[in-house]
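Numbering (this note's numbering), first residue to last: 32 to 339.
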């Protein structure tokens, strides 16, 4: 059996590469006029999401995402923000998951979800350049060309073409999640990234609906090598609509037998000052996995929940 000393020696090259990815990320955003900020990781409330179980901390919660506080900064007049921070989600453990993980989020005013995807293309290219990898990498035996622009396909197109049904016309969250994992993602061409666009309106979360097609939300997710890497929104700025969505999520959480956090009233109160903006969350551990050809998240973190 491999000792801890042997394990840490084996993954040291990955941790060194991880540090370079962080360095490249910070350089990328500073060059573009973004301010790096830190927000609380322990808070009295958070955005209610039925699919995410937060970790409680003495009556409060560990952050599942810095989104709410970063948007309150946008409401106060900040225009370009990024954060590399630790987040926590209960019960998430597996090849690509650890209950404690690192999330990169950034927001900028005057942008939409498509522009945030453009930022992501440029960021990944900057990271590969810093590592001396060029535009093509190999991940788990597959050659992946990271050159932009990445392939773009709508949810409707992908599901009709691969799974044989239209989740925009026939919303079914359970079937959607199952088919996404078992059919749609495996059906993507493995040799380039794919951006999945325009999610069904019931899956909008904190994204705005498309004004020309309110059946879909301006939400996009990036998939590379079978990994879900990033999730982008054109951000919703209507507090009333957001509160209704939160209430629906709270009801779903309650029906699932869990206690939900209080309504995030300070966040909702700040929404009256929200500018038009885009935002995106990117899993840093997963990006490092891709750039290290690491099969498991355990290979890019010195300590996981199993080795603490």
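Just so it is clear, CB atoms sit at the ideal spot from N, CA and C, and this is done for glycine as well.
Following the continuous alpha helix (DSSP H) through residue 316, name the residue where it begins and the one where it ends.
-> Where residue 316 is concerned, the enclosing alpha helix (DSSP H) stretches over 315-323.
Reduced DSSP category for residue 179 - H, G, I as helix; E, B as strand; rest coil = In the structure shown, residue 179 adopts coil according to DSSP, grouped into three states.
Near residue 79, which residues of its chain fall below 7 angstroms by C-beta distance, leaving aside the five closest residues on each side in sequence?
-> Taking residue 79 as the centre and dropping the five residues before and after it, the same chain places the C-beta of 277, 280, 281, 284, 291 and 292 closer than 7 angstroms to its C-beta, in chain order.
Quick one: is residue 334 buried, meaning 16 or more other Cβ sit within 10 Å of its Cβ, or exposed?
-> Exposed, by the Cβ-count rule.
Nearest CA to the CA of residue 1: which residue from 323, 233, 48 and 172?
-> Residue 1 cannot be examined here, being either before or after the span of the chain that is shown, 32 to 339.
How would you call residue 99, buried or exposed, if buried means at least 16 neighbouring beta carbons within 10 angstroms?
-> Residue 99 is classed as buried because its beta carbon has at least 16 other beta carbons within 10 Å across all chains shown.
Under the three-state reduction of DSSP, which class applies to residue 58: helix, strand or coil?
-> If DSSP states are grouped into helix, strand and coil, residue 58 belongs with the helices.
Quick one, which of 240, 288, 275 and 258 has its alpha-carbon nearest residue 267's?
-> Nearest C-alpha to residue 267 among 240, 288, 275 and 258: 240.
On the three-pair Cβ rule with 8 angstroms, is the segment 257-271 touching the segment 186-197?
-> Output reads no: the segment 186-197 does not touch the segment 257-271.
Jot down the residue ranges of each uninterrupted alpha helix (DSSP H) in the segment 151-195, minimum 4 residues, whole runs only, in chain order.
-> Entirely contained in the segment 151-195, the alpha helix (DSSP H) runs reaching 4 residues are, in chain order, 186-189.
Between residue 255 and residue 164, is the Cβ-Cβ spacing less than 8 angstroms?
-> If you check the CB distance, residue 255 and residue 164 do not come in under 8 angstroms.
Going along the chain, which residues of its own chain have a beta-carbon closer than 6 angstroms to the beta-carbon of residue 123, five neighbours each way excluded?
-> Answer for residue 123: 130, listed in chain order.
Might you give, ordered along the chain, the residues of its own chain that have their beta carbon closer than 8 angstroms to the beta carbon of residue 319, omitting 5 neighbours on each side?
-> Here the set comprises 45, 48, 49, 52, 325 and 331.
Pick helix, strand or coil for residue 140, following the three-state DSSP scheme.
-> Of the three classes helix, strand and coil, the one that applies to residue 140 here is strand, per DSSP.
State yes or no: is the C-beta of residue 287 nearer than 7 angstroms to some heavy atom of the ligand SAM?
-> With respect to the ligand SAM, the structure shown offers nothing to examine, as it has no ligands at all.
What does a CB cutoff of less than 6 angstroms around residue 258 pick up in its chain, not counting 5 residues either side in sequence?
-> Excluding the 5 residues flanking it on each side, residue 258 has same chain C-beta neighbours closer than 6 angstroms at 317, in chain order.
Could you spell out the range, first to last residue, of the alpha helix (DSSP H) harbouring residue 299?
-> Residues 296-301.
Which residues in the same chain as residue 250 place their Cβ atom closer than 6 angstroms to its Cβ, once the five residues preceding and following it in sequence are excluded?
-> A distance below 6 angstroms between beta-carbons, with the five flanking residues on each side excluded, links residue 250 to the following residues of its chain, in chain order: 230, 238 and 264.
In terms of alpha-carbon separation, which member of 187, 63 and 299 lies closest to residue 248?
-> Ranking 187, 63 and 299 by CA distance to the CA of residue 248 puts 187 first.
Can you tell me whether residue 338 is buried or exposed, with buried defined as 16 or more other CB within 10 angstroms of its CB?
-> Flag for residue 338 reads exposed.
Selection from 35, 32, 42 and 33 that minimises the alpha carbon distance to residue 328 = Shortest Cα-Cα distance from residue 328 to any of 35, 32, 42 and 33 involves 42.
Cβ contact (3+ pairs, closer than 8 angstroms) linking the segment 98-117 and the segment 161-175 = Pairwise C-beta distances place the segment 98-117 out of contact with the segment 161-175, as fewer than three of them are shorter than 8 angstroms.
Report buried or exposed for residue 199, applying the criterion of at least 16 other Cβ atoms within 10 angstroms of its Cβ.
-> When all chains shown are included, residue 199 counts as buried.
Contact the segment 135-149 vs the segment 296-309: 3+ CB pairs below 8 angstroms | Yes: the two stretches touch, three or more of their Cβ pairs being nearer than 8 angstroms.
Terminal residues of the beta strand (DSSP E) in which residue 263 lies = Where residue 263 is concerned, the enclosing beta strand (DSSP E) stretches over 258-265.
Give the straight-line distance between the Cα atoms of residue 243 and residue 226, rounded to the nearest whole angstrom.
-> One alpha carbon belongs to residue 243, the other to residue 226, and they sit about 20 angstroms apart.
Is DSSP giving residue 215 helix, strand or coil here?
-> DSSP places residue 215 within a helical segment (H, G or I) once states are collapsed to three.
Using the C-alpha atoms, what's the distance from residue 260 back to residue 221?
-> The straight-line gap from Cα to Cα measures roughly 14 angstroms.
Inter-stretch contact at 8 angstroms, needing at least 3 Cβ pairs: the segment 84-101 / the segment 63-76 | Judged by Cβ distances under 8 angstroms, the segment 84-101 makes contact with the segment 63-76, as three or more pairs qualify.
Output yes or no for whether 8 angstroms exceeds the beta carbon distance between residue 313 and residue 151.
-> For residue 313 and residue 151, yes; Cβs fall inside 8 angstroms.
If you run the structure through DSSP and keep just helix, strand and coil, what is residue 108?
-> In this structure, residue 108 counts as coil in the three-state DSSP scheme.
May I have the straight-line CA-CA distance separating residue 315 from residue 35, to the nearest angstrom?
-> A direct Cα-to-Cα measurement between residue 315 and residue 35 gives close to 24 angstroms.
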